[in-house]
Amino acid sequence: MERPKVIDKIDLDAIDSSTRPKKSTRKKEEPIVEKQPEKQEVKINIEEKVKRVRKTAG
């Protein structure tokens, strides 16, 4: 009977053989801060784009 050729050996001690997921530490919740200026800037940018499209289309 022929044996398979061994190319390289595997170090079983180096493999993490745990099957259970590791416990994750809870991260501290950062306070959610709403930024109103960013929303206004986005609205202005959208209005500018609409104006540009209307100029090129009309």
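The sequence shown begins at 132 in this note's numbering and counts up one residue at a time. Quick reminder that beta carbons are idealized off the backbone N, C-alpha and C, glycines included. Just so it is clear, the structure is predicted and the values come from calculations on it, not from any experiment.
| request: Give the DSSP-derived three-state secondary structure of E117 in the structure shown. | output: Since the first and last residues shown for the chain are 132 and 189, residue 117 lies out of range.
| request: Please work out which residues of its chain come closer than 7 Å, Cβ to Cβ, to I175, disregarding the five sequence neighbours upstream and downstream, and give them in chain order. | output: If we look at I175 and ignore the five residues flanking it on each side, it has no Cβ neighbours.
| request: For P135, I'd like the list of residues in its chain whose CB is within less than 6 Å of its CB, leaving aside the five on either flank, ordered along the chain. | output: Apart from the 5 residues on each side of it in sequence, P135 has no Cβ closer than 6 Å to any other Cβ in its chain.
| task | Pull up the distance between the alpha-carbon of P152 and that of I138, whole angstroms please. | result | Taking the straight line from one Cα to the other gives about 32 Å.
| said: Distance check for K186 and E178, CA to CA, integer angstroms please. | reply: The alpha-carbon of E178 is positioned some 12 Å away from that of K186.
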